[in-house]
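Participant:
Residue numbers (our numbering): 6 to 297.
#1: How would you call residue 114, buried or exposed, if buried means at least 16 neighbouring beta carbons within 10 angstroms?
#2: Closest by CA to residue 238, which one among 253, 270 and 180?
#3: Cα separation between residue 265 and residue 93?
#4: What is the rounded straight-line gap between the Cα of residue 286 and the Cα of residue 90?
#5: For residue 190, collect the residues of the same chain with a Cβ closer than 7 Å to its Cβ; drop the 5 residues on either side in sequence, then sort them by chain order.
#6: Counting only runs that start and end within the stretch 128 to 198, where is the alpha helix (DSSP H) found for 4 or more residues in a row?
#7: Pick from 162, 178, 121 and 132: whose alpha carbon is nearest that of residue 149?
#8: State buried or exposed for residue 248, treating a residue as buried only when at least 16 other CB atoms are found within 10 Å of its CB.
#9: Measure the alpha-carbon distance for residue 279 versus residue 260 and round it to whole angstroms.
#10: Starting from the Cα of residue 163, find the closest Cα among 138, 180, 152 and 144 and give me that residue.
#11: State the CB to CB distance for the pair residue 231 and residue 251, rounded to an integer number of angstroms; the pair is presumed to be in contact (CB under 8 Å).
#12: For residue 168, which option in 181, 118, 70 and 125 has the closest C-alpha, if you only look at C-alpha atoms?
#13: State the Cα-Cα distance for the pair residue 202 and residue 122, rounded to the nearest angstrom.
#14: Between 243, 120 and 84, which lies nearest to residue 213 when the distance is taken from Cα to Cα?
#15: Let me know the secondary structure DSSP gives residue 113 once reduced to three states.
#16: Quick check on the DSSP output: the alpha helix (DSSP H) that includes residue 264 runs from which residue to which?
#17: Name the residue from 160, 118 and 112 whose alpha carbon lies nearest to the alpha carbon of residue 147.
#18: State yes or no: is the C-beta of residue 133 within less than 8 Å of the C-beta of residue 156?
#19: If you draw a straight line from the C-alpha of residue 256 to the C-alpha of residue 291, how long is it?
#20: Any idea if residue 116 is buried or exposed, counting beta-carbon neighbours within 10 angstroms, 16 or more meaning buried?
#21: Identify, in the order they occur along the chain, each residue of the same chain with its Cβ nearer than 7 Å to the Cβ of residue 199, setting aside the five sequence neighbours on each side.
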């Protein structure tokens, strides 16, 4: 082995004689172990500082921009303008008009819940008329429990699925009497456990009966219009899916208003079949608008 030029000069700088280059590694190793010679370098890789965006502390994940629909604020404001007259069926005969405002609070809440149960798959006009007939007989928990099924069916007919609703009303009323002292539950979780009460009814009951906002009440109108306006990140098939999708981005202070706005809008303008796009203020910014 021939040492490169300059190597012998470097070897003289080390302690002790070297007979050959073969002894160099062991000699260097012994000097390093003794504390002299070349210092050992750490095998650890140097840590690299990560720069976060402004407003983010060390150790936090980068913030992701929250998704929201394009032009939704402008669309919402135009729907408010179209609903300003408040003359849709839901305004004049909706559940919020069906209870006796002079009744004790507990009775009013019960009447709200019954109106919601009757309203499923039923036009507001039919629900309002059925509730009026019930109230004429004194609509309370006790009066319904004392009423036979045939009489109750005759009173609420022709609401949709009236036979099933007779059964659900009697079962739910009995539970309210036994478990809640004649009042209705004050949470969505408990409300949906009652026979014949779904998520939409539960959220509306919280809005109207308890003046509390626990979520968005999504019926067929809200479901349909939310998909037409692309207010959901991807198309939804069921109202409950739509509720979850809306609550992910819609500001909470709009949750109560959105049901009333879209139901009336769906009854008058954004109809299920043959929507009146030519009369809609959103026709130029609605993804589903028919360009006439």
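Glycine included, every Cβ here is placed at the ideal spot set by N, Cα and C.
A quick note: this is a predicted structure, and the numbers were derived from the prediction, not measured.
Facilitator: The short version:
#1: Position 109 of the chain shown, counted from the first residue, corresponds to residue 114. Counting Cβ neighbours within 10 Å, residue 114 comes out buried, since at least 16 surround it.
#2: Within the chain shown, the letter at position 233 stands for residue 238. Per the Cα distances, 253.
#3: Here residue 265 refers to the residue found at position 260 when the chain shown is read from its first residue. Here residue 93 refers to the residue found at position 88 when the chain shown is read from its first residue. When rounded, the distance between both Cα atoms is 10 Å.
#4: The residue labelled residue 286 in the question sits at position 281 within the chain shown. The residue labelled residue 90 in the question sits at position 85 within the chain shown. Taking the straight line joining both Cα atoms gives about 15 Å.
#5: Residue mapping note: residue 190 aligns to position 185 of the chain shown, counting from 1. Hits under 7 Å: 196.
#6: 129 to 140, 146 to 151, 154 to 161, 167 to 184 and 193 to 196
#7: If you number the chain shown from 1, residue 149 lands on position 144. It is 178 whose Cα lies nearest to the Cα of residue 149.
#8: On the chain shown, residue 248 is found 243 positions in, with the first residue counted as 1. Counting Cβ neighbours within 10 Å, residue 248 comes out buried, since at least 16 surround it.
#9: By 1-based counting over the chain shown, the position of residue 279 is 274. By 1-based counting over the chain shown, the position of residue 260 is 255. Straight-line Cα distance between these residues: approximately 28 Å.
#10: Locating residue 163 in the chain shown gives position 158, where the first residue counts as 1. Of 138, 180, 152 and 144, the residue nearest in Cα terms is 138.
#11: Reading the chain shown from its first residue, position 226 is the one you call residue 231. Reading the chain shown from its first residue, position 246 is the one you call residue 251. That belief holds up - the Cβ atoms of residue 231 and residue 251 are roughly 6 Å apart, short of 8 Å.
#12: The residue given as residue 168 occupies position 163 in the chain shown. Among 181, 118, 70 and 125, the Cα nearest to that of residue 168 is on 125.
#13: Along the chain shown, read from residue 1 onward, the residue named residue 202 stands at position 197. Along the chain shown, read from residue 1 onward, the residue named residue 122 stands at position 117. Straight-line Cα distance between these residues: approximately 6 Å.
#14: Stepping through the chain shown from its first residue, residue 213 is reached at position 208. Measuring from the Cα of residue 213, the nearest candidate turns out to be 120.
#15: If you number the chain shown from 1, residue 113 lands on position 108. Three-state DSSP puts residue 113 in a helix.
#16: Along the chain shown, one-based indexing puts residue 264 at 259. First-last of the alpha helix (DSSP H) with residue 264: 260 to 273.
#17: For the purposes of this step, residue 147 is taken as residue 142 along the chain shown, with counting starting at 1. Residue 147 has its Cα closest to that of 112, out of 160, 118 and 112.
#18: In the chain shown, residue 133 corresponds to position 128, counting from 1. In the chain shown, residue 156 corresponds to position 151, counting from 1. It is not a contact, given that the beta carbons lie outside the stated cut-off.
#19: Here residue 256 is taken as the residue at index 251 of the chain shown, counted from 1. Here residue 291 is taken as the residue at index 286 of the chain shown, counted from 1. If I take the Cα positions, the gap works out to 21 Å.
#20: Numbered from its first residue, the chain shown carries residue 116 at position 111. In summary, residue 116 is buried, with 16 or more beta-carbon neighbours lying within 10 Å of its beta-carbon over all protein chains present.
#21: Reading the chain shown from its first residue, position 194 is the one you call residue 199. If we look at residue 199 and ignore the five residues flanking it on each side, its Cβ neighbours are 177 and 180.
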